[in-house]
Amino acid sequence: LIEGADDVVRGLNETSVRIVRWMINACIYVHATEEPTSKASEFTQIGKADVTKKLKAMLVKYMKSLGQKMNLSFEAVIYCMHQIIHNFYLKFGKKYPKGIAKIKEPKLRTEFEIWLNMHCIKPVTRNPRAV
Numbered sequence: 071l072i073e074g075a076d077d078v079v080r081g082l083n084e085t086s087v088r089i090v091r092w093m094i095n096a097c098i099y100v101h102a103t104e105e106p107t108s109k110a111s112e113f114t115q116i117g118k119a120d121v122t123k124k125l126k127a128m129l130v131k132y133m134k135s136l137g138q139k140m141n142l143s144f145e146a147v148i149y150c151m152h153q154i155i156h157n158f159y160l161k162f163g164k165k166y167p168k169g170i171a172k173i174k175e176p177k178l179r180t181e182f183e184i185w186l187n188m189h190c191i192k193p194v195t196r197n198p199r200a201v
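Each residue of the sequence shown is one higher than the last, beginning at 71 in this note's numbering.
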């Protein structure tokens, strides 16, 4: 569960940090919707009855804040997030054909974050109205 100040982190600007946090929480939310097998409640330390509700509220909060930050409507933010996810879908397998093992070294995490930002996020945030 990722919440907190959206300052610049490891070279990512405030908008990119918000997008990465939204992506992580969206993955946890999707996992949480599979109630019989999901460990999202344990991972987030939110009660099973509240985990999807809390995560959904956080996703909406991040999308509204992205809309304010980028001066976009809620619907436009949805399109931007879709394009960022689509960029990730198209490019991840080419860059990481064997996937990524659990990242334990800060250098590997930084390399991945730079790649994600440069190839998936920035092409959208540079000109979000073109999406």
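We put the beta carbon where it would ideally sit given N, CA and C, even for glycine. Computed from a prediction, not measured in an experiment: that's the story for all the values here.
- Membership of A127 in the alpha helix (DSSP H) is indicated by the continuous run V121 to M140.
- Closest in C-alpha terms to E105, from the list T122, N95 and L160, comes T122.
- Cβ atoms of M140 and T180 stay farther apart than 8 Å, at about 25 Å.
- Taking C-beta separations shorter than 7 Å and ignoring five residues to either side along the sequence, the partners of T103 in its chain run T122, following chain order.
- One alpha carbon belongs to M188, the other to N157, and they sit about 11 Å apart.
- Counted as a single uninterrupted DSSP element, the alpha helix (DSSP H) harbouring T114 occupies residues A110 to T114.
- Measuring C-alpha to C-alpha distances from F113 to each of I94, V130, E145 and I148 identifies I94 as the nearest.
- Cβ neighbours of W185 within its own chain (closer than 7 Å, five residues either side excluded): K165.
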